[in-house]
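Following: one structure in structure tokens, then a few remarks.
2 protein chains.
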Amino acid sequence: MEFHDLTRKLQRENDTKIVMLVSDGIGGLPLEPGGETELETANTPNLDALATRGTLGLSTPVLPGITPGSGPGHLGLFGYDPLQYNIGRGVLEALGVDFELGANDVAIRGNFCSLDEQGNISDRRAGRIASEIGMKLCDKLATIKIPGVEVFVRHVKEYRLVIVFRAEGLGGNLHDTDPQRTGVPPLSPAALDEQSEATVKVAENFLAQARELLKDDFPANFLTLRGVAKLPHIPSYKEVYGLKAGAVAVYPMYRGLARLVNMDVLDAGQTLDAQCSCLEANWNDYDFFFVHFKYTDSTGEDGNFEAKVKRIEELDAAIPRIMNLNPDVIIVTGDHSTPCKMKSHSWHPVPTLIASNVCRTDACTGFGEADCLQGGLGQFPAKYLMSLAMAHAGRYEKYGA
Amino acid sequence: MEFHDLTRKLQRENDTKIVMLVSDGIGGLPLEPGGETELETANTPNLDALATRGTLGLSTPVLPGITPGSGPGHLGLFGYDPLQYNIGRGVLEALGVDFELGANDVAIRGNFCSLDEQGNISDRRAGRIASEIGMKLCDKLATIKIPGVEVFVRHVKEYRLVIVFRAEGLGGNLHDTDPQRTGVPPLSPAALDEQSEATVKVAENFLAQARELLKDDFPANFLTLRGVAKLPHIPSYKEVYGLKAGAVAVYPMYRGLARLVNMDVLDAGQTLDAQCSCLEANWNDYDFFFVHFKYTDSTGEDGNFEAKVKRIEELDAAIPRIMNLNPDVIIVTGDHSTPCKMKSHSWHPVPTLIASNVCRTDACTGFGEADCLQGGLGQFPAKYLMSLAMAHAGRYEKYGA
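Structure (structure tokens):
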């Protein structure tokens, strides 16, 4: 039986509330062997109290040794096998600028680039132009008209942009036009399947107009197209878990990921405090809340151990306000580890905590990597975390008689 | 996505070096409940130092409760699912005598047997004839000519031999001709698929000539054919991991297993010391080294606890010379357990150690089964060990954005 056929079959309604608090990149490493990680260093009385009354474990986002991006990391937490569902780069980039993709949309990541007089690429990132220039050039590109196709252009940052073609019958399977090196011309759009031939025509048309519009804008006198993709077909959260789910995320990409599985995106504001207010305001209207905290990842990427520790302490301070709402199940975890020592996402298993009144408590009295290694959940694939949430919420029937 | 499609996609080049030191059958059991295993009894200061700065775990070669042979055990360590890839007995036997099998080869394990006057088998092992007699009889069989087919005969030990038929279009799917009991005649060769009908003709021809050649050689006056097999189709190491890999193994079978996944077989000499010299001599030319140490298995099979302990200490003494080369990642593990108490391979999970400068260190300060049970790698399928090696070597891209 397919995993989600099982969840569809077993799910049952009740009036419990589940909160999944995702502290992005929370897992870490000690700076020196035998030292403490960021989470172990942080002073976290509230998380430690939850750890004491809950059960800990370490989740593996994809497979041992595999480092996930944010997309696969969150799909796993949401209970979807990240190797089964693939989110294309263009789609992720569109989610990141809060673009609401539909089923007929082809999303593309664009990079402004520099062409020399021979038409060869001399800089694949157009000299990393300032964001304000990139924004103006995107306004120019937004004037492009293609018959029968709605065209959307959104600036992302510096030389990066998102282009969306909206029309029925457009496939999303094209080669990148970025040749990945300089001294050669950009590649022509090429289809990887028959359905995408129509998209090639649209892309050619778009690029011809763009070449004309940008010709005097050196170093950003052209662009390459990358990560062409359509929305993946992901069964909705409501369908596979029977949960009315709301997303409380400050950053667009995480709202977008939640939208991919059909969560409602709530007005989260810009701070953890505002996110707590959002939870309170919507508490009665949802069964499940996905709360995303970004800064444990960004400080990890910066390699700033002290800052990450502080961010963890900031998260810890928000716990009492969440617990005031009396969630039946609370989960604290991350979508992957982001050790300051590595300044990047990593494959290391992710500290995970689940607390409810039917936990089999373990001996752990603090929330840290070493505690989690001794925890009652053991080491487990992240894609099963939602099932543990459902079980602890009494939302699954027995399987078989 | 298939596991190796993922590794093909994520692999990236760098100049790191990985050493996988396989101590065959290293896992063990205490002789008395509550006692120490062979590994725990051994004095291993160098392995303990690695354990302190690395991460430990227990690997499951195939599945819980499944005892692997050397073939599946090593395939797992090399990162191939041992249930997906099947190495036939004939192939393994050919590898064991250093026979370099090609794609057109059908490898067969032969057993000399005794036939009585009615042509029934009276002894399935020909009275366990001495190796020197077996060798002479193999020389006789090597004179057999079959039109259009190259025939190779290699003596293995006592009554055991290997036969290889080399010709295009020969299938490798035949029943054994050994009836597994005495008092009945050997079975006739029979095909299990259409492609193997041609092989049946070749085998019939071979057996008819053998019967004539051996008729006066009682108790070894005939032979049975077993484990007929062709090389399995295994994607190469280079392809699935992007690693240039060298095998440093004293025993032919392990060189052969390495050859199955297209590792280069290096001149390893006959001792651990010579193996270290081989590592040193080839250090700059390879990304990955598979180093095989046989004697922890053979002493386990002998049930000689003290001898196995001594062999583990011998291995430990070689660690400093390996670490002098500064491998970026070192793994110490086994292909299975071989507890002296059982005098055989077993299913018990295998002590495993990985050390690099991006390990999440655990509390373990010694290398033994009890330590490994508390280790940060947890209990994991052996087929993922290579992915952990790749990750710790920085040789994987992030999966998804």
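Chains as they are written, first to last, in the numbering used here: chain A, 17 to 417; chain B, 17 to 417. We put the CB at the ideal spot given by N, CA and C, even for glycine.
Top-ranked residue by Cα proximity to residue i, from the options
i                 : options                                : result
ARG327 of chain B : B:ASP280, B:GLN225, B:GLU54            : B:GLU54
PRO16 of chain A  : A:LEU393, A:ILE346, A:GLU133, A:THR315 : Chain A is shown from 17 up to 417; residue 16 of chain A falls before or after that span and cannot be answered.
GLY126 of chain B : B:ASP351, B:LEU45, B:PRO202            : B:PRO202
LYS33 of chain B  : B:LEU369, B:SER362, B:ILE338, B:TRP363 : B:ILE338
TYR253 of chain A : A:PRO268, A:ASP233, A:LEU247, A:VAL277 : A:VAL277
ALA119 of chain A : A:TYR267, A:PHE306, A:LEU247           : A:LEU247
VAL345 of chain B : B:ALA379, B:ALA405, B:ALA297           : B:ALA405
GLY410 of chain A : A:GLU385, A:ALA379, A:GLY392, A:TYR257 : A:TYR257
ASP64 of chain B  : B:VAL169, B:PRO336, B:VAL107           : B:PRO336
ILE250 of chain B : B:GLY87, B:PHE19, B:TYR101             : B:TYR101
GLY394 of chain B : B:VAL218, B:SER75, B:LEU66             : B:SER75
PRO46 of chain A  : A:PHE321, A:ARG141, A:ASP351           : A:PHE321
ASN298 of chain B : B:LYS260, B:ALA407, B:LEU239, B:LYS156 : B:LYS260
PRO49 of chain B  : B:LEU401, B:PHE396, B:LYS357, B:ALA407 : B:LYS357
GLY392 of chain B : A:ARG376, A:ALA407, A:ASN300, A:VAL366 : A:VAL366
SER212 of chain B : B:ASP232, B:PRO195, B:HIS191           : B:HIS191
VAL244 of chain B : B:GLY143, B:GLY106, B:GLN27            : B:GLY106
PHE304 of chain B : B:ALA290, B:HIS408, B:ALA142, B:GLN196 : B:HIS408
ARG144 of chain B : B:PHE234, B:GLU18, B:MET17             : B:PHE234
VAL218 of chain A : A:GLN291, A:GLN196, A:VAL165, A:VAL266 : A:VAL165
ALA290 of chain B : B:ALA265, B:GLN27, B:ASP232, B:GLU116  : B:ALA265
ASN300 of chain B : B:ASN30, B:VAL325, B:LYS156, B:ASP155  : B:ASN30
GLU116 of chain A : A:MET279, A:ARG376, A:ALA417, A:VAL325 : A:MET279
PHE19 of chain A  : A:CYS375, A:LYS156, A:GLU255, A:GLN286 : A:GLU255
Check whether residue i and residue j have beta carbons under 8 Å apart
i                 : j                 : result
PHE383 of chain B : THR57 of chain B  : no
GLY112 of chain B : GLY272 of chain B : yes
GLY95 of chain A  : TYR415 of chain B : no
LEU288 of chain B : ALA334 of chain B : yes
ASP114 of chain B : PRO268 of chain B : yes
ALA274 of chain A : PHE306 of chain A : yes
GLY262 of chain B : TYR302 of chain B : yes
GLU184 of chain B : PRO205 of chain B : no
GLU109 of chain B : VAL169 of chain B : no
LEU37 of chain A  : VAL348 of chain A : yes
ARG140 of chain A : THR198 of chain A : yes
GLY150 of chain A : LEU131 of chain A : no
GLY350 of chain A : GLY51 of chain A  : no
LYS399 of chain A : ASP97 of chain A  : yes
LEU93 of chain A  : LEU401 of chain A : yes
Inter-residue CB distance, residue i and residue j (contact presumed, cutoff 8 Å)
i                 : j                 : result
PHE128 of chain B : ALA236 of chain B : 4 Å
LEU241 of chain A : ILE124 of chain A : 5 Å
LEU341 of chain A : LEU230 of chain A : Not confirmed; about 52 Å, so no contact.
PRO88 of chain A  : PRO77 of chain A  : 7 Å
Beta-carbon proximity list for residue i, same chain, < 6 Å, skipping 5 on both sides
i                 : result
PHE309 of chain B : SER39, LEU331
PRO343 of chain A : LYS33, VAL35
LEU208 of chain B : ASN189
HIS364 of chain B : GLY43, SER353
ASP387 of chain B : LEU72, CYS380
LEU186 of chain A : VAL122, ALA214, THR215
LEU99 of chain B  : none
GLU385 of chain B : THR53, PRO367
PRO397 of chain B : THR76
Chain-order list of residues whose beta-carbon lies under 8 Å from that of residue i (same chain, five-residue window excluded)
i                 : result
ALA146 of chain B : GLU174
VAL167 of chain B : ALA158, ILE160, LYS161, ILE179, VAL180, PHE181, ARG182, PHE222
SER403 of chain B : THR23, GLY95, TYR412
GLY135 of chain B : PRO201
GLN390 of chain B : LEU72, ASP378, ALA379, CYS380
CYS292 of chain B : ALA334, ARG337, ILE338
Nonlocal neighbours in the same chain, by C-beta distance under 7 Å from residue i, ignoring five residues either side
i                 : result
GLU317 of chain B : THR354, LYS359, SER360
ILE82 of chain B  : TRP363
GLU329 of chain A : ALA58, ASN59, THR60
VAL281 of chain A : ALA263, ARG271, ALA274, ARG275
ARG227 of chain B : PHE238
GLY319 of chain B : CYS356, LYS359
ALA67 of chain A  : LEU369, CYS380, THR381, GLY382, PHE383, ASP387
Contacts that residue i makes with chain E (C-beta to C-beta distance below 9 Å)
i                : result
ALA65 of chain B : The question asks about chain E, but that chain is absent: this structure's protein chains are A and B.
Contact between the region 63–71 of chain B and the region 362–373 of chain B is defined here as three or more beta-carbon pairs at a separation below 8 Å; is this criterion met? yes
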